[in-house]
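Residue numbers (my numbering): 525 to 1370. For glycine and all other residues, C-beta sits at the position ideal for the given N, C-alpha and C. I have placed the structure first, in the form of structure tokens, so that the comments after it can refer back to it.
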């Protein structure tokens, strides 16, 4: 048998032989530790890649839905009721790719459910193009009706939930005919029709509730209905959805459509457009939907980024620790003639095996978890649900998982090989003795003293263990968990506490575009025993330094600190017609501050008169919940304005409030224990008897701003991040204990030879784990809580809410015993292995 001389290791062939020989020996002895690192890297990397791919999938879901649905960009609404020939003329314009006529009807749910939601958007397309070739609906269940199928309907999820309908069920709708002379609605002649539900679908304009109509129950009726006498008796309005050709100039189409409207104005004998059209652009609705989806995408992206950074820090420490442990044999290998480049190549190859296996596992986990994405409203919008493979994210993630740890640890591998070139044992790690370990030994706890010393003392020679990297990794994970708990608890409190987002009442009686005087409201609300108080207000729009925002007006008494209907962050509520309070985002966008005099343009919400310009003083910073009506801009978290009601009030000559201050809504407080659903039904019935048309006066208790709804859909993200970090911490501590026990087998064998029993060895490892946990808690918890506070303060400042975080002290304190218990449980397996060591066999091999 031939032998390789030491000198031949300097040659190329000898270097290759030495490399594979060292790799083989090293992998045989340390494959378990390397496999555990690869598993930990794969699990954490899989979650990170899954979140990153999910963020991209969530962010692109709505644009992909609109592309799949051949969505329209414009809606053309003629002022006349019978645009004969007009839509065909629109379709011939060079800018138009498709025109889908549709007719909306005056429809409502049967009387039994009207208290919940009376109005239904019932629409039919005479030529069957709407919902199929333009604005194609995405079916969640069932199938699309046939183009000639009579009495069929496809409904949205809201209507299905209200009526408890499934495909094959029967939908009953009440239609309200119009008087042929006055065109007024004749509620007394309402008639009921039944439709077969063939499918439940998502309409591309209803993915999120940007305005009230977007969240309304909707039924798309089959085309034959449009030709019936019932349909002709109860039309609400007609319009056409228009999809433009790529590259078409929108302004040119609008100008051409307005010219055509005059040509097809109609006559007394033949109905037409009335000579004018309103053209609505879907851009605002698309932007609102994308803004509503964006927080989920951002949350996933931030989750992936934070998890990746923390995992990179922790796993780099673990890999560095493993590299240091493996380098203990380098002096002996150098003495045998193994060159420095070979040692560096062995170290990096070993790391590459770990990172490569971890990256492969991470990609597999990300693909397996892809059906869980996207999240939030984007999940309903995604046109291709199920398993998804994102080559860009997964490819970049695979490369990052493989290469980043190698790039970070390459200098450490070179240094380890360089130190090995010195005298034998020069690579040993030294450190000061542990005072706590010595004290425990003096107090009679042999296992405690030895365990603490093994936790904090690196040791010397071939049994040396890197301690600082292990402690740093454990502290980082504990601190990150604490920070995630603080931020997550604060977010849960925000979305679950109405006062935090400005709702300090139980329900709102909304008159919509109607108005009522204060005495009429008092006659309606004060006799109700469930009502303890109410505040009167108005809707409006204001322009502050060019920024148009939704506004409300309240009587000064209701906005005073005593009544507390308004949440003021700074300053005070307006007390007169010359004062205004703004949301934090509105103040920032308008570049104004409290105490500043500004010019405010007041566009009353109904836009019945010319805008009014006033000089007003900003007296406070306010938090407002969602106030909106029709398609006008709603108030939102940090966005909006508060004025006195008299500034926004609009008396209407032909209404119950022809003069004085009139009110559009009333904020109501109930007695504790009141059944809000029953109270809402009672108030709705009273308003109807007082003269409010059915469906015009609505009682609602949920006025969460759009931002709060968005945050609610991601409120668990920080807690999920915390759970991932707990897994990372457990894996870190387990790896530290397992590799430490293996590295110090000789020390443990000597101790057992000197009389240390199995139980004492088991307690020794438990003390080691507990000591690690205690130090990680002492350093990590305070730093984590501080980081969580700072992160929440920055978030609150951007969102326009109170900056005080909700620190879950009980949960934080519970972390201490839970961490120590987990550390002791983790120590059972390595402790059991250490207790079963056979001193003779270990000392013989060592």
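Asked                                                                                                                                                                       : Found
Note down, one range per segment and in chain order, each alpha helix (DSSP H) of at least 4 residues found wholly within the segment 625-697.                              : 681-687
Residue 897 lies in the beta strand (DSSP E); which residues open and close that run?                                                                                       : Here residue 897 belongs to no beta strand (DSSP E), and DSSP marks it neither H nor E.
May I ask which residues mark the beginning and end of the alpha helix (DSSP H) holding residue 980?                                                                        : 970-980
Compare the beta carbon distance of residue 1159 and residue 1107 with 9 angstroms and say whether it is the shorter of the two.                                            : yes
In the DSSP assignment, find the unbroken alpha helix (DSSP H) run with residue 1298 in it and report its ends.                                                             : 1282-1323
Which first and last residues belong to the beta strand (DSSP E) in which residue 715 is found?                                                                             : 715-726
Ignoring anything shorter than 3 residues or poking outside the segment 1194-1258, list the beta strand (DSSP E) runs there in chain order.                                 : 1222-1224
So, residue 777 versus residue 619, is the Cβ gap smaller than 9 angstroms?                                                                                                 : yes
Between which residues of its own chain and residue 1056 is the CB-CB distance below 8 angstroms, once the five residues before and five after are set aside?               : 1193, 1194 and 1195
Go ahead and pull the three-state DSSP assignment for residue 998.                                                                                                          : helix
Which same chain residues end up closer than 8 angstroms to residue 1137 when comparing Cβ atoms and leaving out the 5 residues on each side of it in sequence?             : 1123, 1124, 1125 and 1126
Can you name the start and end residues of the alpha helix (DSSP H) that residue 1096 belongs to?                                                                           : Looking at the DSSP string, residue 1096 is not in any alpha helix (DSSP H), and its letter there is neither H nor E.
Tell me residue 821's beta-bridge partners as DSSP assigns them.                                                                                                            : Looking at the DSSP assignment, residue 821 forms no beta bridge with any residue, so it has no partner.
May I have a chain-ordered list of the beta strand (DSSP E) segments no shorter than 3 residues that lie completely inside the segment 1000-1067?                           : 1031-1034
Excluding the 5 residues flanking residue 673 on each side, which residues of the same chain have their C-beta closer than 8 angstroms to its C-beta?                       : 722, 746 and 748
Using the three-state DSSP reduction, which class does residue 1125 fall into: helix, strand or coil?                                                                       : strand
With distance defined between alpha-carbon atoms, name the residue in 652, 1030 and 1367 nearest to residue 1054.                                                           : 1030
Give the list of continuous beta strand (DSSP E) stretches no shorter than 3 residues that lie fully inside the segment 741-784.                                            : 742-745 and 759-768
Taking just the CA atoms, how far does residue 1272 sit from residue 1379?                                                                                                  : Residue 1379 lies beyond the range of the chain shown here (525 to 1370); nothing can be said about it.
Return the Cβ separation of residue 980 and residue 970 in integer angstroms, given the expectation that the two are a contact with Cβ distance under 8 angstroms.          : With 8 angstroms as the limit, residue 980 and residue 970 do not qualify as a contact, their Cβ atoms being about 17 angstroms apart.
Since residue 602 is in the alpha helix (DSSP H), which residue starts that stretch and which ends it?                                                                      : Not the alpha helix (DSSP H): residue 602 falls in the beta strand (DSSP E), residues 598-602.
Along the alpha helix (DSSP H) that carries residue 1339, what are the first and last residues, could you check?                                                            : 1333-1359
Report yes if the C-beta distance between residue 1091 and residue 1147 is below 9 angstroms; otherwise report no.                                                          : yes
Could you check the C-alpha separation between residue 872 and residue 940 for me, to the nearest Å?                                                                        : 12 angstroms
Buried or exposed: where does residue 951 fall if 16 or more other Cβ atoms within 10 Å of its Cβ makes it buried?                                                          : With a pLDDT of only 44 at residue 951, under 50, the local geometry of the prediction cannot be trusted, and no value is derived from it.
Beta carbon of residue 1297, beta carbon of residue 1338: below 9 angstroms?                                                                                                : no
Mind the definition here: the segment 609-629 touches the segment 702-719 only if three or more C-beta pairs lie below 8 angstroms; say whether that holds.                 : no
Which residues does DSSP list as the beta-bridge partners of residue 1139?                                                                                                  : 1123
Opposite residue 1187 in the DSSP bridges: which residues?                                                                                                                  : 1040
State the DSSP-derived secondary structure class of residue 802, mapped to helix, strand or coil.                                                                           : strand
Which class does residue 1147 belong to by DSSP, given the choice of helix, strand or coil?                                                                                 : strand
Quick check: residue 767 and residue 594, are their CB atoms within less than 9 angstroms of each other?                                                                    : yes
Quick one: what's got a C-beta closer than 7 angstroms to residue 634's C-beta in the same chain, skipping five residues either side?                                       : 696, 698 and 716
Could you give the DSSP three-state label for residue 595: helix, strand or coil?                                                                                           : coil
Short of 7 angstroms in beta carbon distance, which residues of its chain neighbour residue 1062, apart from the five on each side in sequence? Order them along the chain. : 1076, 1077, 1169, 1172, 1173, 1187 and 1188
Report the option in 1043, 1306 and 1222 whose CA atom is closest to the CA atom of residue 643.                                                                            : 1222
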